[in-house]
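Here is the structure we will look at, set down as structure tokens.
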Amino acid sequence: MKKMIIHGGHRLSGEVTIGGAKNSTVALIPAAILADTPVRFDMVPDILDVHNLMLILKSMNVHSTFEDGVLTIDPTEIVEAPLPSKAIKSLRASYYFMGSLLGRFQRATLSFPGGDNIGPRPIDQHIKAFEALGATVEEHEGTVRITTGPEGLHGARIFLDMVSVGATINSILAAVKAVGTTVIENAAKEPEIIDVATFLNNMGAHIRGAGTDVIRIEGVPTLRAMNTHTIIPDRIEAGTYLSMAAAIGDGIVIKNVIPEHLEAFTAKMIEMGVPLEINEDSIYVPRSENLKPIRIKTMPFPGFATDLQQPLTPLLFRANGSSVVIDTIYPKRIKHIAELRKMGANIRSEDDMIVVDPSDDLIGSQVQAGEIRAGAALVITGLMADGDTEIEEADNILRGYDRIVDKLTALNADVEIVSKESLVENGQD
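See the structure below:
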């Protein structure tokens, strides 16, 4: 694992360009194996999850290249093969290979997916969808095996008991080549789902209703890529830099954003008193003072995203009163609290709520990034703090944030990534 070292106390300014959406990318890459032609993506974020997904593709003889934000995938010589369990267990989104392998081969076998440990995230809704489409799902000692009968997958009505982005996308991937019509009810509405549906439709799929709670899919026999698919901007990365800019910025422009995807988040920043200047595809954050406390409740899109409650937390330290965060999606998403307290933050969890009090005397410390968004909260707090902050398990941050060291350095931050090996060589560990 790598370590991120932050020399805090520097005010930030300048501009930062947001990369492609991680939560789109990790679904689009598995979706690419449904194609009967090579596929090309633009605006691909340079994050560890992409490289791990490329390793999974390689195990199936799917060739891929990644350079300057362009990812090319050629699934035309794909073979069924055991998927590398280490890569599967490193990211939860590997479960999208269940739907795409099922759509491609009518069967799938893979280890139970891993990723961030932020409380229970069962895949029962995914399994329910696969079974509705005619598959049989067996789970034994951490391996999921999905098979179909001689007739393969068929269209079906799928009602999701809870709104789930993962189950919605997996249902689409499995159904897009199934014979007949599939209707997904109580579907999630996130922009990343629209992105995946747009990619598939441009290859000849018939998907209607993405972005609403009812999605209709007419199965097609083949999918062929005719052009490059440009991935939408990452609204979670954008929100992270918006929070950072308001917390410790002297004027920062956040470029390549879709403001409509951030409305729940920017509304809360404006409620705090941050005078955002929202343009067509960029947001300017001036130096922000005299901030008010707020109350946040995470909800499925278009509500306040669970992935943004932790990145916003450092900004709440600057409010002139107590703020409250209620995460209805992942109530156990609290790994950041103990680490932030090491840095002098006044934050606590009580009765499934997170209470954030003003924290003026933040100090650099040695902390751990237990997962991606907790790591983002530690990065911003480290930038605000006096002294040096060392973030262990920084790989978790690199899993989700495109070229973060380069982007922070361009904003006048003093940040570096070091490997454990280099620390040992220099006698620091």
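Reading the sequence shown from the start, the letters are residues 9 to 437 in this note's numbering.
In this text, a Cβ means the ideal position worked out from N, Cα and C, and glycines have one as well.
- Per DSSP, the continuous beta strand (DSSP E) segment holding Met361 begins and ends at 361-364.
- For Arg48, no alpha helix (DSSP H) segment is defined; the enclosing uninterrupted segment is the beta strand (DSSP E) at 47-50.
- In this structure Arg153 is exposed. Its beta-carbon is surrounded by fewer than 16 other beta-carbon atoms within 10 angstroms.
- Short of 7 angstroms from the beta carbon of Glu23, and not among the five residues preceding or following it, lie these beta carbons of its own chain, in chain order: Ile260, Val261, Lys263.
- As computed with DSSP, Pro241 is found in a beta bridge with Gly28.
- Gly259: member of the beta strand (DSSP E) spanning 257-263, first to last residue.
- Shown here for Ala116: same chain residues with a beta carbon closer than 6 angstroms to its own, the five before and five after excluded, namely Met106, Leu109, Leu110, Ile154 in chain order.
- In this model, Val228 and Thr206 are separated by some 15 angstroms (Cα to Cα).
- Judged by their CB atoms, Ala233 and Val364 are not nearer to each other than the 8 angstroms cut-off.
- In terms of Cβ geometry, Glu398 and Gly378 do not form a close pair [threshold 8 angstroms].
- Leu181 and Leu370 have their C-alpha atoms roughly 46 angstroms apart.
- DSSP places Ala346 in the uninterrupted alpha helix (DSSP H) bounded by 343-350.
- Setting aside the 5 residues that flank it on each side, Gly77 is surrounded in the same chain by Asp50, Met51, Val52, each with a C-beta closer than 7 angstroms to its C-beta; the list follows chain order.
- In this structure, Asp242 and Ala29 form a Cβ contact; the two beta carbons are roughly 4 angstroms apart against a cut-off of 8 angstroms.
- For Arg232, the three-state secondary structure derived from DSSP is coil.
- The residue from Met252, Leu231, Asp258, Ile286 with its alpha-carbon nearest to that of Glu268 is Ile286.
- If the five residues before and after Ile131 are omitted, its C-beta is found closer than 7 angstroms to the C-beta atoms of Tyr103, all from its own chain and listed in chain order.
- Closest option to Phe309, judged by alpha-carbon separation, among Thr220, Glu279, Thr45, Pro319: Thr220.
- In the DSSP annotation of this structure, the continuous segment of the alpha helix (DSSP H) that includes Thr417 starts and ends at 412-418.
- Linking Thr45 to His59 through their CA atoms gives a straight-line distance of about 21 angstroms.
- The alpha-carbon separation between Ile37 and Glu226 amounts to approximately 22 angstroms.
- Listed in chain order, the alpha helix (DSSP H) elements of length 4 or more contained wholly in the region 161-196 are 173-183.
- DSSP places Ala218 in the strand class (E or B) of the three-state scheme.
- Beta-bridge analysis with DSSP links Arg356 to Val363.
- Annotation: Met211 to Leu391 spans about 44 angstroms, alpha carbon to alpha carbon.
- Collapsing the DSSP output to three states places Leu284 in coil.
- The three-state secondary structure of His18, taken from DSSP, is coil.
- Beta-bridge annotation (DSSP): Leu118 is paired with Val152.
- Separation of Glu75 and Gly329 (C-alpha to C-alpha, rounded to the nearest whole angstrom) is 46 angstroms.
- Remark: three or more beta-carbon pairs, one from each stretch, lie closer than 8 angstroms, so the region 336-349 and the region 302-320 are flagged as touching.
- Around the CB of Lys343, 16 or more other CB atoms lie within 10 Å, so the residue is classed as buried.
- Residue burial annotation: Arg303 is exposed, with fewer than 16 other C-beta atoms found within 10 angstroms of its C-beta.
- Within the same chain, Asp57, Ala101 come within 6 angstroms of Val34 by CB-CB distance, once the 5 residues on both sides are set aside.
- Here Thr84 carries a coil assignment [DSSP, helix/strand/coil].
- Of the residues Gly408, Val265, Pro283, Ile266, the one whose Cα lies closest to the Cα of Ala254 is Pro283.
- The bridge partners DSSP lists for Met12 are Ile399, Ile425.
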